[in-house]
Structures are given as structure tokens and as C-alpha cells.
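Trainee: Residue numbers (our numbering): 449 to 627.
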Amino acid sequence: MLSFIQFIRLGSYYTYIAWLSLVLKEEYGLSIVATSGSMSLLNIAGIISNPLGGIIADKVGEKKVLLYGVFFLMVSTLLFSRGYDSPVLLPLVFLIGWFINFTRSPSFSIVPKLFGVRNAGSISGVNNTFDSLGALILPFLLGYVRDISNSYTIGWYSVATLSLLAVSLLYFIENPENV
449 MLSFIQFIRL GSYYTYIAWL SLVLKEEYGL SIVATSGSMS LLNIAGIISN PLGGIIADKV
509 GEKKVLLYGV FFLMVSTLLF SRGYDSPVLL PLVFLIGWFI NFTRSPSFSI VPKLFGVRNA
569 GSISGVNNTF DSLGALILPF LLGYVRDISN SYTIGWYSVA TLSLLAVSLL YFIENPENV
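Right, here's the structure in full:
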């Protein structure tokens, strides 16, 4: 289950890296400079939220941070797919970058708590494999869906649906000591 969450987390990140500039240019009419600035905004959000996700996870538990982070990634993706104009668009890009990266630290620090320190390396290796698969498959999937539907919306709905599935799976993860 953690592996699927990793698949979604990094897959979503690479999907936005691969497609956000094109979507902002083609669907929203932003200039190349504005799309580049939006990509920077996505990454600035991640730079801030990554350590904060870890700090908050240390206080309230990794599972809660993962649940809320992936849930709000889904909500942000759905809102982004609605086609809002610029005043709402840039904050949405920031939120997407925030929630993708907010869950990064807890997704790794939960492993030794669930599986023990002796197994943390091998479990982390499996999780990282699923990270990489998500980074490979989800951007390709969005491109394929875009080509056959002539729209990005169905692809964003797919990413949001997978995020909802990840949130659902998180409920089945054990909750040992403050996880």
C-alpha cells in the first residue's frame, strides 16, 4: 500500500513537471515566461513544504500527514482541472507543489516505524521502485489520454482518482506509535 502511495506521489510530481507548462500555455493561454514562473512556483512550494511535512509528521504522525496531504493533492488537482483563470490558477499551482512535497518526508520516515529498522532498507527500495514507476507511467498516461481525447481534463481526473484510491488505502495502514 505504501508503494502505491509512492507511485502516486512521485508520479503526480513528474506529471506536473512534464505537462504543467504545456497545459498553462495551451489551455490557459499563459506566456512562456509565465509558465516558467509557474513551474518555479510549483518547486518553491515544494522546497518549503517538504521539511514542514516532516516536522509536522514528527508531531502528529506520518499517517495523518500522508492522509491529508494526498487528499488535498486530489482536491487541488480537481480544482486545477476546472480551468480557473489566473487569479486562482497560480495559488492552485502553489498548492499542488505544496501537497506533492508535503508528503515526501513522512512517506519515508513511516517505513522503519511500520516494518522495523532491520527491514527499512529493503522496503524503502521497493517503495523507490514504485516511485520510479509512477514517474514513468503517469506522465505517459496523461500524454496518451491527451492525444486520444484532445483534452488534459480526463488525465487530471485520472490523477485525482488515483490519489483518492491512495487515500483509501492509507486507512488500512497500521498506526503504531504516533504514525
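Beta carbons: idealized from backbone N, C-alpha and C, even for Gly.
The structure displayed is predicted, hence computed values, not measured ones.
Within the continuous alpha helix (DSSP H) that includes R594, where are the two ends?
Mentor: 565-597
Trainee: So, are the CB atoms of N549 and N623 less than 7 Å apart?
Mentor: no
Trainee: For I453, which residues in the same chain have their Cβ closer than 6 Å to its Cβ, ignoring the five residues on either side in sequence?
Mentor: A614
Trainee: Return the CA-CA distance between L590 and L526, expressed in angstroms with no decimal places.
Mentor: 14 Å
Trainee: Run through DSSP, which three-state label would N491 get?
Mentor: helix
Trainee: Give the secondary structure of Y532 by DSSP, where H, G and I count as helix, E and B as strand, and everything else as coil.
Mentor: Three-state result, Y532: coil.
Trainee: Touching or not, the stretch 490-506 and the stretch 546-565, by the rule of three or more beta carbon pairs under 8 Å?
Mentor: At 8 Å Cβ cutoff, the stretches touch.
Trainee: Are L515 and L612 close, meaning C-beta to C-beta below 7 Å?
Mentor: no
Trainee: Starting from the C-beta of K512, find all residues in its chain whose C-beta is less than 8 Å away, skip the five residues before and the five after it, and write them out in chain order.
Mentor: Taking K512 as the centre and dropping the five residues before and after it, the same chain places the C-beta of A505 closer than 8 Å to its C-beta, in chain order.
Trainee: With respect to the alpha helix (DSSP H) encompassing G459, which residues constitute its N-terminal and C-terminal limits?
Mentor: 450-474
Trainee: Under a Cβ-count criterion, where at least 16 other Cβ atoms within 10 Å of its own Cβ denotes burial, should T483 be classed as buried or exposed?
Mentor: buried
Trainee: Contact between the stretch 597-612 and the stretch 533-542: three or more CB pairs below 8 Å?
Mentor: Because the criterion of three Cβ pairs below 8 Å is not met, the stretch 597-612 and the stretch 533-542 do not touch.
Trainee: Spatial neighbours of V471 within its chain, please: C-beta separation below 8 Å, excluding the five flanking residues on both sides.
Mentor: Excluding sequence neighbours, V471 sits near Y600.
Trainee: What does the Cβ neighbour count give for M449, buried or exposed, with the cut at 16 atoms within 10 Å?
Mentor: exposed
Trainee: How about G634 and G494: do their beta carbons lie closer than 7 Å?
Mentor: Outside the modelled stretch of the chain, which goes from 449 to 627, sits residue 634, for which no answer is possible.
Trainee: Rank P560, I585, L581, P587 by C-alpha distance to the C-alpha of E510 and give the top, closest one.
Mentor: P560
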